[in-house]
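J.:
There are 2 protein chains.
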Amino acid sequence: MSTNPNVPDAAVSRLATYLRVLSALSEGEAPEYISSAEIGRQAGVSPDQVRKDLSHFGEFGRSGVGYGLEHLRGHLARIMRLDREQVAVLVGAGHLGSALARYPGFGSRGFRIGALFDIDPKRVGQTVGGFEVEHVDHLHRRVAELGAAIGVIAVPQTACQWVVAALESAGVKAILNFAPGAVQAGENVNLRNVDLARELECLAYYLPR
Amino acid sequence: MSTNPNVPDAAVSRLATYLRVLSALSEGEAPEYISSAEIGRQAGVSPDQVRKDLSHFGEFGRSGVGYGLEHLRGHLARIMRLDREQVAVLVGAGHLGSALARYPGFGSRGFRIGALFDIDPKRVGQTVGGFEVEHVDHLHRRVAELGAAIGVIAVPQTACQWVVAALESAGVKAILNFAPGAVQAGENVNLRNVDLARELECLAYYLPR
DNA sequence: GTTTGTGAATGAGTTCACAGCA
DNA sequence: TGCTGTGAACTCATTCACAAAC
Numbered sequence: 727m728s729t730n731p732n733v734p735d736a737a738v739s740r741l742a743t744y745l746r747v748l749s750a751l752s753e754g755e756a757p758e759y760i761s762s763a764e765i766g767r768q769a770g771v772s773p774d775q776v777r778k779d780l781s782h783f784g785e786f787g788r789s790g791v792g793y794g795l796e797h798l799r800g801h802l803a804r805i806m807r808l809d810r811e812q813v814a815v816l817v818g819a820g821h822l823g824s825a826l827a828r829y830p831g832f833g834s835r836g837f838r839i840g841a842l843f844d845i846d847p848k849r850v851g852q853t854v855g856g857f858e859v860e861h862v863d864h865l866h867r868r869v870a871e872l873g874a875a876i877g878v879i880a881v882p883q884t885a886c887q888w889v890v891a892a893l894e895s896a897g898v899k900a901i902l903n904f905a906p907g908a909v910q911a912g913e914n915v916n917l918r919n920v921d922l923a924r925e926l927e928c929l930a931y932y933l934p935r
Numbered sequence: 727m728s729t730n731p732n733v734p735d736a737a738v739s740r741l742a743t744y745l746r747v748l749s750a751l752s753e754g755e756a757p758e759y760i761s762s763a764e765i766g767r768q769a770g771v772s773p774d775q776v777r778k779d780l781s782h783f784g785e786f787g788r789s790g791v792g793y794g795l796e797h798l799r800g801h802l803a804r805i806m807r808l809d810r811e812q813v814a815v816l817v818g819a820g821h822l823g824s825a826l827a828r829y830p831g832f833g834s835r836g837f838r839i840g841a842l843f844d845i846d847p848k849r850v851g852q853t854v855g856g857f858e859v860e861h862v863d864h865l866h867r868r869v870a871e872l873g874a875a876i877g878v879i880a881v882p883q884t885a886c887q888w889v890v891a892a893l894e895s896a897g898v899k900a901i902l903n904f905a906p907g908a909v910q911a912g913e914n915v916n917l918r919n920v921d922l923a924r925e926l927e928c929l930a931y932y933l934p935r
């Protein structure tokens, strides 16, 4: 019944899935209680794994009954810090950045894109997905204004390291980076990389020989 | 000096990184040999890890010297099946699908998007990133024509499972899915999920408390 | 001296199995 | 009987350490 000293990252990722499952259920004809078996079935995870993951943060269930759906959902949302809206800024208004700015999956899940930046004068001032593209020079000021703790990077590889540094000095605490290549971030910033081309490359490896 | 019985997925992902590092070097003033230490430094991985990963597939290096750069690059490309062009089809021509269709990172790394599909009649026939959007009814025929082994899914969650089945029956062997939620695929298809919203959610968890 | 390849040791995460509770 | 919570066993991956090769 520990709190959260060192929870595996894979477990955190699964918790996000559980939360999504519960939120979806909560909108339909919601049962009052749900078992780890049912959560696991809907999340594609074993019941054991579900219980173990949850046990890192406390005891939320009742033996022989299951987990109170709304109760567990509230706890998970708080654990994941998705009980309040999180503001993110997006750097890079190219194809990928524009797509992310319009991506409905962010807004519908507790995130709000607060501003969209680019360095290209031709893009600055244009409207993309409801945002007026701002010059990246305003990053520092705007991050403070918005109280944004998260930055999303969708710029070419060559500009990536520079943008990380800019976001860091602006006070952002977490960064999701879509640019490929190795990037360095400071101690007090959590950097997460998603490399779309690499995902494809890994798939190619598993093609039948 | 084993071949490749069961290589960890994390190792495969790193191999893709090593290949990228070598390819980048190969374009500049390329040294003839490179050590595991240098590869590791550029890839953000320990030298031990580099050697262990490579050792799953053979002995490519020379003690006291290092790895022949072009030699190793060729081997890695063949291991990752990136020595020949891989054709992928993309389903979903919305914002994300359009961005992916235009994403330069695919083309520059041995992949070619062969066709772009959608189910919405308003989108079919339009040109997106150089592709004429085709109706998803033509998926089966076109996959065969193109010899595509890879499918990329960028459709809403509700349509995702249906598209997986369609790609599967069209003969695709690997699928990269950007739709959230649990999806099932058959035995002989490799399914890989990337959930952009979940990546953000995981970041939120690590925000300072 | 330098660097590879790899068995052994360590560490991390998942699955098992069962006690405890409703 | 049904289900949770969790220590123990197990599996998987990384790190260590060193012999062999240059």
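In the order they appear, the protein sequences are chains A and B.
Residue numbering for the first sequence follows my numbering, starting at 727 and increasing by one per position.
Residue numbering for the second sequence follows my numbering, starting at 727 and increasing by one per position.
Just so you know, even glycine gets a beta-carbon here, dropped at the ideal spot from N, CA and C.
Bear in mind that the values here come from a model prediction, so they are computed numbers and not experimental data.
1. Roughly how many angstroms lie between the CA atoms of Ala737(B) and Asp779(B), to the nearest whole one?
2. Give me the DSSP bridge partner(s) of Phe843(A).
3. So, are the CB atoms of Leu802(B) and Leu745(B) less than 7 angstroms apart?
4. So the candidates are Glu796(A), Tyr932(A), Val854(A), Leu741(A); which of them puts its Cα closest to the Cα of Ala841(A)?
5. Mapping the DSSP letters down to three states, classify Val733(A) as helix, strand or coil.
6. Going along the segment 749-782 of chain A in order, which residues come within less than 8 angstroms of chain B, judged by CB to CB distance?
7. Looking at the structure shown, is Gln852(A) part of a helix, part of a strand, or coil, going by DSSP?
8. Using only alpha-carbon positions, find the residue among Cys886(A), Ile876(A), Val850(A), Gly856(A) that is nearest to His864(A).
9. Can you pull the chain B neighbours of Asn916(A), defined as C-beta to C-beta under 8 angstroms?
10. Under 7 angstroms between C-beta atoms, does Glu858(A) make it to chain B?
11. Looking at Leu933(A) and Ala900(B), is the spacing between their C-beta atoms short of 7 angstroms?
12. Phe783(B) by DSSP, collapsed to three states: which one?
13. Are the beta-carbon atoms of Ala827(B) and Ile839(B) separated by less than 7 angstroms?
14. Can you list, in chain order, the stretches of the beta strand (DSSP E) that have 3 or more residues and sit fully within the segment 876-913 of chain A?
15. For Val890(B), count the other beta carbons within 10 Å of its own beta carbon; 16 or more makes it buried, fewer makes it exposed. Which is it?
16. When the Cα of Gly754(A) is compared with those of Arg868(A), Glu796(A), Glu913(A), Gly833(A), which residue comes out closest?
17. Nearest-angstrom Cα distance between Met727(B) and Ser752(B)?
18. Sorted by chain position, which residues of the same chain lie with C-beta nearer than 6 angstroms to Leu808(A)'s C-beta, five sequence neighbours on each side aside?
19. Under 7 angstroms between the Cβ atoms of Gly877(B) and Val815(B)?
20. Mind checking who Ile765(A) pairs with in its DSSP beta bridge?
21. Flag Ala930(B) as yes when its Cβ comes closer than 6 angstroms to any non-hydrogen atom of the ligand COA, and as no otherwise.
22. With burial defined as no fewer than 16 other Cβ atoms inside 10 Å of the residue's Cβ, what is the status of Ala750(A): buried or exposed?
23. Using 10 angstroms around the beta-carbon of Arg804(A), count the other beta-carbons present and answer buried if the total reaches 16, otherwise exposed.
24. How about Ala737(B): is its C-beta nearer than 7 angstroms to some C-beta of chain A?
25. What residues from chain A crowd round His821(B), counting only those whose CB sits closer than 7 angstroms?
26. Indicate whether at least one CB of chain A lies closer than 7 angstroms to the CB of Leu816(B).
T.: To lay it out plainly:
1. Reading the second sequence from its first residue, position 11 is the one you call residue 737(B). Reading the second sequence from its first residue, position 53 is the one you call residue 779(B). Ala737(B) and Asp779(B): Cα-Cα distance of roughly 6 angstroms.
2. In the first sequence, counting from the first residue as 1, residue 843(A) sits at position 117. Phe843(A) pairs with Val817(A), Glu860(A).
3. The sequence position of residue 802(B) within the second sequence is 76, counting from 1. The sequence position of residue 745(B) within the second sequence is 19, counting from 1. Yes, the Cβ-Cβ distance between Leu802(B) and Leu745(B) is below 7 angstroms.
4. Sequence index remark: in the first sequence, residue 841(A) carries index 115 (1-based). Looking at the Cα atoms, Val854(A) is the closest of the given residues.
5. As a first step, residue 733(A) is located in the first sequence; it is residue number 7 there, counting from the start. In the structure shown, Val733(A) sits in coil (DSSP, three-state: anything other than H, G, I, E or B).
6. Gln768, Ala769, Gly770
7. The residue you call residue 852(A) lines up with position 126 of the first sequence. Of the three classes helix, strand and coil, the one that applies to Gln852(A) here is coil, per DSSP.
8. Residue numbering aside, residue 864(A) sits at position 138 when the first sequence is read from its first letter. His864(A) has its Cα closest to that of Val850(A), out of Cys886(A), Ile876(A), Val850(A), Gly856(A).
9. Working through the first sequence from its first residue, we reach residue 916(A) at position 190. The answer, in chain order, is Leu929, Tyr932, Leu933.
10. Position 132 of the first sequence, counted from the first residue, corresponds to residue 858(A). Output row for Glu858(A): interface = no.
11. By 1-based counting over the second sequence, the position of residue 900(B) is 174. By 1-based counting over the first sequence, the position of residue 933(A) is 207. Cβ distance < 7 angstroms, so Ala900(B) and Leu933(A) count as in contact.
12. Counted from its first residue, the second sequence places residue 783(B) at position 57. Residue state, collapsed to three classes: coil.
13. For the purposes of this step, residue 827(B) is taken as the residue at position 101 of the second sequence. For the purposes of this step, residue 839(B) is taken as the residue at position 113 of the second sequence. Yes. Within cutoff.
14. 876-879, 900-903
15. Here residue 890(B) corresponds to residue number 164 of the second sequence, with the count starting at 1. Looking at its Cβ environment, which holds 16 or more other Cβ atoms inside 10 Å, Val890(B) is buried.
16. For this step, residue 754(A) is matched to residue 28 along the first sequence. The shortest Cα separation from Gly754(A) among Arg868(A), Glu796(A), Glu913(A), Gly833(A) belongs to Glu796(A).
17. Counting from one through the second sequence, the residue named residue 727(B) turns up at place 1. Counting from one through the second sequence, the residue named residue 752(B) turns up at place 26. With a pLDDT of 44 at Met727(B), under the threshold of 50, the predicted position of this residue should be treated as unreliable, though the coordinate-derived value follows. In a straight line, the C-alpha of Met727(B) is about 26 angstroms away from that of Ser752(B).
18. Here residue 808(A) corresponds to residue number 82 of the first sequence, with the count starting at 1. These residues qualify, in order along the chain: Gly836.
19. Against the second sequence, residue 877(B) aligns to sequence position 151. Against the second sequence, residue 815(B) aligns to sequence position 89. Against a cut-off of 7 angstroms, the Cβ pair of Val815(B) and Gly877(B) comes out as a contact.
20. Here the question's residue 765(A) lines up with position 39 in the first sequence. None; Ile765(A) has no bridge partner.
21. With respect to the ligand COA, the structure shown offers nothing to examine, as it has no ligands at all.
22. Locating residue 750(A) in the first sequence gives position 24, counting from the first residue. Ala750(A) should be labelled exposed.
23. One-based indexing of the first sequence puts residue 804(A) at position 78. By the neighbour-count rule (16 or more Cβ atoms within 10 Å), Arg804(A) is not buried but exposed.
24. The residue you call residue 737(B) lines up with position 11 of the second sequence. Judged by the 7 angstroms Cβ criterion, Ala737(B) is not in contact with chain A.
25. Residue 821(B) sits at position 95 when you count from the first residue of the second sequence. Per Cβ cutoff of 7 angstroms: Ala825, Arg828, Tyr829.
26. Here residue 816(B) refers to the residue found at position 90 when the second sequence is read from its first residue. So, not an interface residue.
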